[in-house]
Amino acid sequence: MFTVIGERINTTRKPVRQAVEARDAAFIQADVKRQQDAGAHYIDVNAGARVGREREDMEWLLDVIQEEVSIPLCLDSPDPRVLEAAYERVERPPLINSISLEKERLNNLIPFLRGKDCGVVALCMDDSGLPKDADEVLDRARQLVEKLEGIGMPRHRIYIDPLVQPVSTRTEHGPQAITAVRKIMTELEGVHTVCGLSNVSFGLPKRRAVNRAFLSLMMAAGLDAAILDPLDASLMATLITSNMLLGRDEYCMDYIDAVRDGRIAD
Amino acid sequence: MHELFQEIRSVIISGRPKEVEAPIQRAIEAGVPLDRLIHEAMIDAMDEVGRRFTAQEIFVPEMLASAMAMKKGLSLIKPLLTASQNVSRGTVLICTVKGDIHDIGKNLVVMMLEGAGFQVMDLGVDVTVEALVEKVRESRPQILGLSALLTTTMPEMKRVIETLEAEGLRDQVKVIVGGAPVDEAFALRIGADGYGADAAQAVALCKKLVEVA
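Keeping their order, the protein sequence lines are chains L and F. What the first sequence shows, in UniProt numbering, is residues 1 to 266, in sequence order. What the second sequence shows, in UniProt numbering, is residues 1 to 213, in sequence order.
In structure tokens form, the structure reads like this:
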């Protein structure tokens, strides 16, 4: 199954920030309901935009969202204290977004994650910066899996993010991400791979067209989760169609259902 | 000379780094004054590239191709310049602040600033306040550019400005800020001298700041 993590509840998006500032629960609830209906499996929650108020904003968001939807949440923060507080507040096992090999983050989050009932997004980032090729991504993925398995986290709860970089600044960034996913899914059998889609198209016109093609190629390489906007109908159509073409949609049922619901444009 | 300048301009504007060498060699052999070659043909072309990028007529990869053509062209001319032929438009010290290792945006700014004729010192990513202040003291740049991509590292920019003030260096350098979560209001609030939303705006801002300085 392909896991869709809905990215819309992020306070760096202006309407969300305004709703959080005004404590407008109805706005947030309408949004997450639509994401759930559109096929999201998790709702990502990022309350980082208001410096110094992240924890209270996060707690308010979690309460409001869980009143409305029944799918689990993806707790998105670099701050272990915020994650700790958020973890205590969720009703279903969440995804923790995210850990990385950056020393400070790693050292803070490994003790936190020990024994917790959750999945984790693990970024292939370390203190030296972004990975330069697919082998470096794989090497970092391996280190992350070792650390997480070391505290008893099973592979099926680990979501490796290979870190997608824009093709506009270096065309090799496309094949780097695609090859990295293929290598991770082969060499580290049992883990998931996840990524955000919009980075790849930074600096280019008609970004959504680029994001759609990229999703399809990444899925062919083995990507089985993505952080995306489930309300982007054409992106979701690409997802459903690609899933079928990769042999993961028995009797093409999901695809045909989507056509009947008007979710696949000609 | 006019036609040769047109050709060089066109090669740079359309971003064809492989074709820049021939016309520049011809210009050098023809004895064209090098400062005029740089300013009237090349920097002028990059100004046009910046204008087109801001107008969204061209996109990041095209801008990068132009910057590569510019860089290659300049590398042919620079060894021939005498000490008195200073073609630098100004000096910029730039980095991504401490705790932040994102450098794609910053690298674009560096390339475009170099293309516009600025002399750029790039300290890289995750740079501490102390290292930065030391470098400002030592190399006296006209402009200090700070980049951050995370809401958690934005406050570091404020810390840099406060430390420059405490060290009595603030009035010697213009501080400009940029990065996805940064905006004009934030720049004003922390007492920066300017904000650029993208690489072309950063160049325009630097030009403005060194003119008034």
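Note that the Cβ used here is the ideal one computed from N, Cα and C, for glycine as well.
### Query
Where DSSP assigns a beta bridge to S147/F, which residues make up the other side?
Stepping through the second sequence from its first residue, residue 147/F is reached at position 147. Within the DSSP secondary-structure output, S147/F pairs in a beta bridge with T96/F and G178/F.
### Message
Which complete beta strand (DSSP E) runs does the stretch 145-191 of chain L hold, if anything under 3 residues is left out?
### Response
As far as the stretch 145-191 of chain L is concerned, its whole beta strand (DSSP E) runs of at least 3 residues are 158-161.
### Query
Just curious, the alpha helix (DSSP H) that I161/F is in, first and last residue?
Counting from 1 along the second sequence, the entry for residue 161/F is found at position 161. First-last of the alpha helix (DSSP H) with I161/F: P155 to A166.
### Buried or exposed by the 16-neighbour rule on C-beta atoms within 10 Å, applied to Q36/L
The count along the first sequence starts at 1 and reaches residue 36/L at position 36. Result: buried.
### Query
Of the residues I28/F, Q25/F, G99/F and G105/F, which one's Cα is nearest the Cα of T169/L?
By one-based count along the first sequence, residue 169/L stands at place 169. Measuring C-alpha to C-alpha distances from T169/L to each of I28/F, Q25/F, G99/F and G105/F identifies G105/F as the nearest.
### Query
So what does DSSP say about D76/L, is it helix, strand or coil?
Locating residue 76/L in the first sequence gives position 76, where the first residue counts as 1. Three-state result, D76/L: strand.
### Exposed unless 16 or more other CB atoms sit within 10 angstroms - verdict on N107/L
By 1-based counting over the first sequence, the position of residue 107/L is 107. It counts as exposed.
### Query
Can you pull the DSSP bridge partners for C195/L?
Along the first sequence, read from residue 1 onward, the residue named residue 195/L stands at position 195. Beta-bridge annotation (DSSP): C195/L is paired with A226/L.
### Message
Our contact map puts A225/L next to F2/L with C-beta atoms below 8 Å; I'd like the distance itself, whole angstroms only.
### Response
Position 225 of the first sequence, counted from the start, is the residue given in the question as residue 225/L. Position 2 of the first sequence, counted from the start, is the residue given in the question as residue 2/L. Confirmed, Cβ separation roughly 7 Å.
### Message
If you reduce the DSSP assignment to three classes, tell me which class I99/L lands in.
### Response
Working through the first sequence from its first residue, we reach residue 99/L at position 99. Strand.
### Query
Can you give the beta carbon distance from L169/F to R137/F, rounded, assuming they're within the 8 Å contact cut?
Residue mapping note: residue 169/F aligns to position 169 of the second sequence, counting from 1. Residue mapping note: residue 137/F aligns to position 137 of the second sequence, counting from 1. 6 Å between Cβ atoms; contact.
### Task
Report yes or no: is there a C-beta of chain F within less than 8 Å of the C-beta of Q143/L?
Position 143 of the first sequence holds residue 143/L. False, the Cβ-Cβ gap to chain F never drops below 8 Å.
### Query
From which residue to which residue does the beta strand (DSSP E) around Q119/F run?
Here residue 119/F refers to the residue found at position 119 when the second sequence is read from its first residue. Per DSSP, the unbroken beta strand (DSSP E) holding Q119/F starts and ends at Q119 to D122.
### CB of C206/F within 8 Å of CB of G90/F, strictly
The residue labelled residue 206/F in the question sits at position 206 within the second sequence. The residue labelled residue 90/F in the question sits at position 90 within the second sequence. Yes, they are a contact pair.
#### Entry: Reduced DSSP category for R8/L - H, G, I as helix; E, B as strand; rest coil
Working through the first sequence from its first residue, we reach residue 8/L at position 8. DSSP places R8/L within a strand segment (E or B) once states are collapsed to three.
### Task
Just confirm the distance between the C-beta atoms of G96/L and V69/L, as a whole number of angstroms; I'd bet it's less than 8 Å.
Along the first sequence, one-based indexing puts residue 96/L at 96. Along the first sequence, one-based indexing puts residue 69/L at 69. The residue you asked about is not Gly; residue 96/L is Ile in the sequence shown. Actually they do not touch by this definition, with Cβ atoms about 19 Å apart.
#### Entry: Residues near M125/L in its chain [Cβ-Cβ closer than 7 Å; skip 5 each side]
Taking the first residue of the first sequence as 1, we reach residue 125/L at position 125. Excluding its 5 nearest sequence neighbours in each direction, M125/L has C-beta neighbours in its own chain below 7 Å: S100, L101, E102 and L163, listed in chain order.
### Query
What's the C-alpha gap between A122/L and K208/F?
The sequence position of residue 122/L within the first sequence is 122, counting from 1. The sequence position of residue 208/F within the second sequence is 208, counting from 1. Taking the straight line from one Cα to the other gives about 43 Å.
### Query
Alpha carbon to alpha carbon, how far is G207/L from S201/L?
Along the first sequence, read from residue 1 onward, the residue named residue 207/L stands at position 207. Along the first sequence, read from residue 1 onward, the residue named residue 201/L stands at position 201. Looking at the sequence provided, one finds Arg at residue 207/L rather than Gly. About 5 Å.
### Task
Could you tell me which residues DSSP puts in a beta bridge with Y251/L?
As a working mapping, residue 251/L is identified with position 251 in the first sequence. Among the bridge pairs identified by DSSP, Y251/L is matched with none.
### Query
Taking contact to mean at least 3 C-beta pairs separated by less than 8 Å, is the stretch 69-84 of chain F in contact with the stretch 24-41 of chain F?
Segments in contact, yes.
#### Entry: V45/L - DSSP class collapsed to helix/strand/coil
Along the first sequence, read from residue 1 onward, the residue named residue 45/L stands at position 45. Strand, per DSSP.
### Message
Quick check on I151/L: buried or exposed, where buried means 16 or more other Cβ atoms within 10 Å of its Cβ?
### Response
As a first step, residue 151/L must be located in the first sequence, where it is residue number 151. In summary, I151/L is exposed, with fewer than 16 beta-carbon neighbours lying within 10 Å of its beta-carbon over all protein chains present.
### Message
Could you tell me the alpha carbon to alpha carbon distance between residue 280/L and W60/L, rounded to whole angstroms?
### Response
The requested residue 280/L is not part of the displayed model; chain L covers only 1 to 266.
### Message
According to DSSP, is T128/F part of a helix, a strand, or is it coil?
### Response
Along the second sequence, read from residue 1 onward, the residue named residue 128/F stands at position 128. Looking at T128/F - three-state DSSP - the assignment turns out to be coil, as it is neither helix nor strand.
### Query
Does the stretch 7-26 of chain L come within contact of the stretch 46-61 of chain L, defined as at least 3 CB pairs closer than 8 Å?
Counting Cβ pairs under 8 Å, three or more are found: they touch.
### Query
Three-state secondary structure (DSSP) at A116/F?
Here residue 116/F corresponds to residue number 116 of the second sequence, with the count starting at 1. In the structure shown, A116/F falls within a coil segment according to DSSP collapsed to helix, strand and coil.
### Task
Could you tell me if G99/F is buried or exposed, where buried requires 16 or more neighbouring beta carbons within 10 angstroms of its beta carbon?
The residue given as residue 99/F occupies position 99 in the second sequence. G99/F counts as buried, since at least 16 other C-beta atoms from the protein chains shown sit within 10 angstroms of its C-beta.
#### Entry: Where the UniProt domain "B12-binding N-terminal" (1-89) of chain F meets chain L: residues whose CB sits under 7 Å from a CB there
Under the 7 Å Cβ criterion, the UniProt domain "B12-binding N-terminal" (1-89) of chain F contributes F59, V60, P61 and L64.
### Query
Beta-carbon separation of residue 215/F and S88/F under 8 Å?
Shown here, chain F extends from 1 to 213; a query on residue 215/F therefore has no answer.
#### Entry: Supposed close pair A166/F, V177/F - CB separation, criterion 8 Å
Along the second sequence, read from residue 1 onward, the residue named residue 166/F stands at position 166. Along the second sequence, read from residue 1 onward, the residue named residue 177/F stands at position 177. With a Cβ gap of about 19 Å, A166/F and V177/F do not count as contacting.
### Query
Given 8 Å as the limit, is there contact between the stretch 171-181 of chain L and the stretch 130-148 of chain L, that is, 3 or more CB pairs closer than that?
The count of Cβ pairs closer than 8 Å, one atom from the stretch 171-181 of chain L and one from the stretch 130-148 of chain L, reaches three, so the stretches are in contact.
### Beta-carbon separation (whole angstroms), V97/F vs T153/F, contact threshold 8 Å
Position 97 of the second sequence, counted from the first residue, corresponds to residue 97/F. Position 153 of the second sequence, counted from the first residue, corresponds to residue 153/F. A Cβ-Cβ separation of about 6 Å places V97/F in contact with T153/F under the 8 Å criterion.
### Query
Using the beta-carbon count (16 or more within 10 Å), is L246/L buried or exposed?
To locate residue 246/L, count along the first sequence from 1; it is residue 246. By the Cβ-count criterion, L246/L is exposed, with fewer than 16 other Cβ atoms from all chains shown falling within 10 Å of its own Cβ.
### Task
Mind the definition here: the stretch 185-193 of chain L touches the stretch 63-79 of chain F only if three or more C-beta pairs lie below 8 Å; say whether that holds.
No, the stretch 185-193 of chain L does not touch the stretch 63-79 of chain F.
### Query
Would you say I176/F faces chain L, with C-beta separation under 8 Å as the test?
The residue given as residue 176/F occupies position 176 in the second sequence. Taking Cβ atoms only, chain L never reaches closer than 8 Å to I176/F, which makes this a no.
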